[in-house]
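Trainee: When the sequence shown is numbered by the numbering used here, its final residue is 102 and no position is left out of the sequence of numbers.
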Amino acid sequence: MPELLLTVHCSRADAASIAATLRDVTRHPVHQRDETVHGLDFSDATAAESVTGRLDRVSLDVRVEESGASAIVTQIGALKRSGPVRWRLAPIIASGRFS
C-alpha cells in the first residue's frame with residue numbers, strides 16, 4: 004500500500020497532543036523538530052498567524068498509509084488547539100537505511 008509523508012506545522016503548545024494522536028493512529032515513529040520561519044509566511048494567513056519577522060513553531064513528520072491519510076488529517080483538525088495548524092501530504096518515492 005502506498006505511503007505518504009504527513010507533515011504538520013503547529014505551535015509548541017499543540018505539539019504534544021498532535022504527536023500523541025499521530026502516534027496512536029500510525030505504526031511509524033513521529034519525528035518532531037523545532038523550526039523557525041523567517042519573513043513572510045503563507046499568503047493565506049490570517050492576521051493572527053501572519054509572520055513579518057520570526058515565528059517559532061514545531062514540525063511533526065510521520066509516514067501514513069495513503070488509504071488512511073484523510074482520516075488522520077480529520078482527527079488532527081478535530082483536536083482542541085491553541086493555534087492554527089498547517090499540514091501537507093507528499094508521496095514517498097523511495098526510502099531506506101544505511102548501516
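We put the CB at the ideal spot given by N, CA and C, even for glycine.
Give the DSSP-derived three-state secondary structure of A97 in the structure shown.
Mentor: In the sequence shown, counting from the first residue as 1, residue 97 sits at position 94. Note: A97 maps to coil in three-state DSSP.
Trainee: Where does the unbroken beta strand (DSSP E) through V40 begin, and where does it stop?
Mentor: For this step, residue 40 is matched to residue 37 along the sequence shown. Here the beta strand (DSSP E) through V40 covers H34 to H41.
Trainee: For I75, count the other beta carbons within 10 Å of its own beta carbon; 16 or more makes it buried, fewer makes it exposed. Which is it?
Mentor: Locating residue 75 in the sequence shown gives position 72, counting from the first residue. When all chains shown are included, I75 counts as buried.
Trainee: By the 10 Å Cβ neighbour count, where 16 or more other Cβ atoms means buried, how is A18 classified, buried or exposed?
Mentor: Position 15 of the sequence shown holds residue 18. The residue in question, A18, is buried, as its Cβ has 16 or more Cβ neighbours within 10 Å.
Trainee: Evaluate the contact criterion for the segment 61-69 versus the segment 16-31: three or more CB pairs, one atom per stretch, below 8 angstroms.
Mentor: yes
Trainee: Leaving out the 5 sequence neighbours to the left and right, which residues in its chain are closer than 8 angstroms to H31 when beta-carbon positions are compared?
Mentor: Residue 31 sits at position 28 when you count from the first residue of the sequence shown. Excluding its 5 nearest sequence neighbours in each direction, H31 has C-beta neighbours in its own chain below 8 angstroms: V65, R66 and V67, listed in chain order.
Trainee: Taking only three categories from DSSP, how would you classify V65?
Mentor: Taking the sequence shown and counting its residues from 1, the one referred to as residue 65 is at position 62. Strand.
Trainee: Between which two residues does the alpha helix (DSSP H) carrying L25 extend?
Mentor: In the sequence shown, counting from the first residue as 1, residue 25 sits at position 22. It spans R15 to V28 - the alpha helix (DSSP H) in which L25 sits, taken as one unbroken run.
Trainee: With C-beta atoms as the reference, is T10 less than 9 angstroms away from R84?
Mentor: Stepping through the sequence shown from its first residue, residue 10 is reached at position 7. Stepping through the sequence shown from its first residue, residue 84 is reached at position 81. No, the pair does not count as a contact, with Cβ atoms beyond the cut-off.
Trainee: What are the boundary residues of the alpha helix (DSSP H) that V88 is part of?
Mentor: Counting from 1 along the sequence shown, the entry for residue 88 is found at position 85. Careful: V88 lies outside any alpha helix (DSSP H) and carries neither H nor E.
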